[in-house]
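Peer 1: This is the structure I want to talk about, given as structure tokens.
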Amino acid sequence: MPTEVTGEGRFVLPRSGFVPAYLPTYEQGRLGEKVDRALELLRPCRVCPRPCRDVDRLDGQVGACRIGRRARVASAGPHLGEEDVLRGWKGSGTIFFSGCNLRCVFCQNPEISQLCHGEDVPAEELAGMMLRLQRLGCHNINLVTPEHVVPQILEALPMAIEGGLRLPLVYNTSAYDGLDSLELLEGVVDVYMPDVKLWDPDHCRRYLGVRDYPDVARAAVTAMHAQVGDLMVDEEGLALRGLLVRHLVMPGLLDDTDRILAFLAGLSQNTYVNVMGQYRPAWRAATNPRYGEINRPVRGEQVAHAVASARDLGLWRLDPRWLP
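Here the sequence shown is numbered in this note's numbering, starting from 1151 and rising by one per residue.
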């Protein structure tokens, strides 16, 4: 069973009283309206903050994300490597979407995000994946890198609901999300899990490929918290609803880490934060001399600094994996 992480009972929601957000939205007829509005975001594409407004993805054209009309899926299955509050003992039901709207030079999964390995799937097949993960006993449906395929996810969801889907829906994102898409996800997503990467615009341009990442991420995470609030778990410590934030500590970029943590503390000192210490050079950071300053693992004292900074700011709901 997962480790108890709630600290106080007010963050426990009995599973017997839990109803996934998308179910009443569907029963009230509002989910179908969201699907129609979401598909219109594809023509021209306004799904994410990337300026691909001359791209008609409904007609199969592709923009910065390299994905057209259908979502592309690299893999789908139980994942035991996620946070305790997600993986539990049967795994988080992850669906890894191919393509990405960022260009992270340190990407850990470039074959999926940058090279777009995977298979295009119609809505019916995507719904079937969700239902298969539920049958396998997964604790949630974990949508990984979904920023550019929000319309396709919404299109599949009514079919999954009609097939009996009742698991919490986790939106596992880079935080480079469009507010139009997030508005459509209100009353649909149960758990938002943004990975807030960097803060300084110059660092973002250099390492992520987009200078506006900090402004976009701040607005996106604020909107997510406004929708779902602080993380709530069931009696066994499994996430049911709320915001869970990841941040990867990177070598030489602790100023970014400190400012990100200060932002999260200002949002709510009850924010559940996973300060991650597993950075290893990958993709272009490991092969291109231009990025030599991040071509090394993060040191233990840097991770310890980040954890201490979080605590000093009053953030107390810290994922236990990297705690000293």
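We put the CB at the ideal spot given by N, CA and C, even for glycine.
Could you say which of V1339, R1461, V1185 and L1189 lies nearest to D1408 if we only look at CA atoms?
Peer 2: Here residue 1408 is taken as the residue at index 258 of the sequence shown, counted from 1. Nearest C-alpha to D1408: R1461.
Peer 1: Within its chain, find whatever has a CB closer than 6 Å to the CB of H1229; leave out the 5 residues flanking it on each side and keep chain order.
Peer 2: As a working mapping, residue 1229 is identified with position 79 in the sequence shown. Once the five neighbours on either side are set aside, the close Cβ partners of H1229 are G1241, S1242 and T1244.
Peer 1: In three-state DSSP terms, what is F1256?
Peer 2: Counting from one through the sequence shown, the residue named residue 1256 turns up at place 106. Coil, per DSSP.
Peer 1: Residues in its own chain within less than 6 Å of D1345 by CB, not counting five upstream and five downstream?
Peer 2: For the purposes of this step, residue 1345 is identified with residue 195 of the sequence shown, where counting begins at 1. S1324 and R1396.
Peer 1: The alpha helix (DSSP H) that contains D1345, what's its start and end?
Peer 2: Translated into the one-based positions of the sequence shown, residue 1345 becomes position 195. Counting along the chain, D1345 falls outside any alpha helix (DSSP H), and DSSP gives it neither H nor E.
Peer 1: Check whether the segment 1341-1360 touches the segment 1299-1308, counting contact only when three or more Cβ pairs, one atom from each stretch, lie closer than 8 Å.
Peer 2: Output reads no: the segment 1299-1308 does not touch the segment 1341-1360.
Peer 1: Between which residues of its own chain and E1385 is the CB-CB distance below 8 Å, once the five residues before and five after are set aside?
Peer 2: What you label residue 1385 is simply residue 235 of the sequence shown in a count that begins at 1. Here the set comprises V1162, P1164 and R1165.
Peer 1: How far does the alpha helix (DSSP H) with G1227 in it extend, from its first residue to its last?
Peer 2: For the purposes of this step, residue 1227 is taken as the residue at position 77 of the sequence shown. Here G1227 belongs to no alpha helix (DSSP H); instead the beta strand (DSSP E) covers A1221 to H1229.
Peer 1: Nearest-angstrom Cα distance between D1406 and Q1178?
Peer 2: For the purposes of this step, residue 1406 is taken as residue 256 along the sequence shown, with counting starting at 1. For the purposes of this step, residue 1178 is taken as residue 28 along the sequence shown, with counting starting at 1. Their backbone Cα atoms lie some 43 Å apart in a straight line.
Peer 1: Where does V1271 land, buried or exposed, given buried means 16+ other C-beta within 10 angstroms?
Peer 2: As a first step, residue 1271 is located in the sequence shown; it is residue number 121 there, counting from the start. It is buried - the Cβ of V1271 has at least 16 other Cβ atoms within 10 Å.
Peer 1: Are the beta-carbon atoms belonging to V1169 and V1383 less than 7 Å from one another?
Peer 2: As a first step, residue 1169 must be located in the sequence shown, where it is residue number 19. As a first step, residue 1383 must be located in the sequence shown, where it is residue number 233. Cβ atoms of V1169 and V1383: not closer than 7 Å.
Peer 1: Go to M1426, then tell me how far its beta strand (DSSP E) extends in each direction, as first and last residue.
Peer 2: In the sequence shown, the residue the question calls residue 1426 occupies position 276. Taken as a continuous stretch (DSSP letters only), the beta strand (DSSP E) holding M1426 covers Y1422 to M1426.
Peer 1: Within its chain, find whatever has a CB closer than 7 Å to the CB of Y1176; leave out the 5 residues flanking it on each side and keep chain order.
Peer 2: Locating residue 1176 in the sequence shown gives position 26, where the first residue counts as 1. The answer, listed in chain order, is P1308 and I1311.
Peer 1: In angstroms, rounded to a whole number, what distance separates the CA positions of R1124 and V1338?
Peer 2: Residue 1124 lies beyond the stretch modelled for the chain, which goes from 1151 to 1474, so this question has no answer here.
Peer 1: How is P1152 classed by DSSP in three states: helix, strand or coil?
Peer 2: Sequence index remark: in the sequence shown, residue 1152 carries index 2 (1-based). Note that P1152 scores a pLDDT of 43, beneath 50, so its modelled location is shaky; the value from the coordinates is reported in the next line. In this structure, P1152 counts as coil in the three-state DSSP scheme.
Peer 1: Grab me the residues of P1364's own chain with a C-beta within less than 8 Å of its C-beta, minus the 5 sequence neighbours each way, in chain order.
Peer 2: Here residue 1364 corresponds to residue number 214 of the sequence shown, with the count starting at 1. Only L1348, W1349, D1350, P1351 and C1354 meet the Cβ criterion.
Peer 1: Give the list of continuous beta strand (DSSP E) stretches no shorter than 3 residues that lie fully inside the segment 1278-1316.
Peer 2: Runs found: 1291-1294.
Peer 1: State buried or exposed for G1427, treating a residue as buried only when at least 16 other CB atoms are found within 10 Å of its CB.
Peer 2: Here residue 1427 refers to the residue found at position 277 of the sequence shown. Label assigned to G1427: buried.
Peer 1: For G1159, does the count of other Cβ atoms within 10 angstroms reach 16, so buried, or fall short, so exposed?
Peer 2: Looking up residue 1159 in the sequence shown gives position 9. Under this definition G1159 is an exposed residue.
Peer 1: Who pairs with E1385 in a beta bridge, going by DSSP?
Peer 2: If you number the sequence shown from 1, residue 1385 lands on position 235. Partner(s): none; E1385 has no beta bridge.
Peer 1: Using only CA atoms, which one of V1255, V1197, W1466 and V1320 lies nearest to Y1357?
Peer 2: Taking the sequence shown and counting its residues from 1, the one referred to as residue 1357 is at position 207. It is V1255.
Peer 1: Is P1199 buried or exposed, if buried means 16 or more other CB atoms sit within 10 Å of its CB?
Peer 2: Stepping through the sequence shown from its first residue, residue 1199 is reached at position 49. It counts as buried.
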